[in-house]
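A short write-up of the structure that comes next.
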């Protein structure tokens, strides 16, 4: 089933992307091709093919979360240029909130 304009607009809204008319048309075509490729992959017979681990060994290990020293002048510059803050805390829009406007 081809990707419809409405579906592209819905995906763009969920992704908080503003697409031009030209971009919407291109995305319809691009997403159609991607979904067609995924459909073809789903048809591949993998019976008898052993499963493999896609993650390289050791890639799942995280580094320790330790604070690093920051140049005080750089810190002041960052804080002074941030539009919405309380003291040393920076206020940013919520990730899951709907944009206002």
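Residue numbers (our numbering): 28 to 128. Even glycine gets a Cβ: it sits at the ideal position worked out from N, Cα and C.
task: Can you give me the start and stop residues for the alpha helix (DSSP H) that residue 99 sits inside?
output: 99-108
message: Checking 8 Å against the spacing of the C-beta atoms, do residue 49 and residue 35 come in under that value?
response: no
- prompt: Does DSSP put residue 32 in a helix, a strand or coil?
  reply: helix
- request: Indicate whether residue 112 and residue 103 have their beta-carbon atoms separated by less than 8 Å.
  value: no
task: From the DSSP output, in three-state form, read off residue 41 for me.
output: helix
- prompt: Which of the three DSSP states, helix, strand or coil, is assigned to residue 90?
  reply: coil
task: On the DSSP bridge assignment, give the partners of residue 67 in chain order.
output: Answer is none; residue 67 lacks a bridge partner.
field: Residues of its chain near residue 88, where Cβ-Cβ distance is below 8 Å and the 5 sequence neighbours each way are ignored
entry: none
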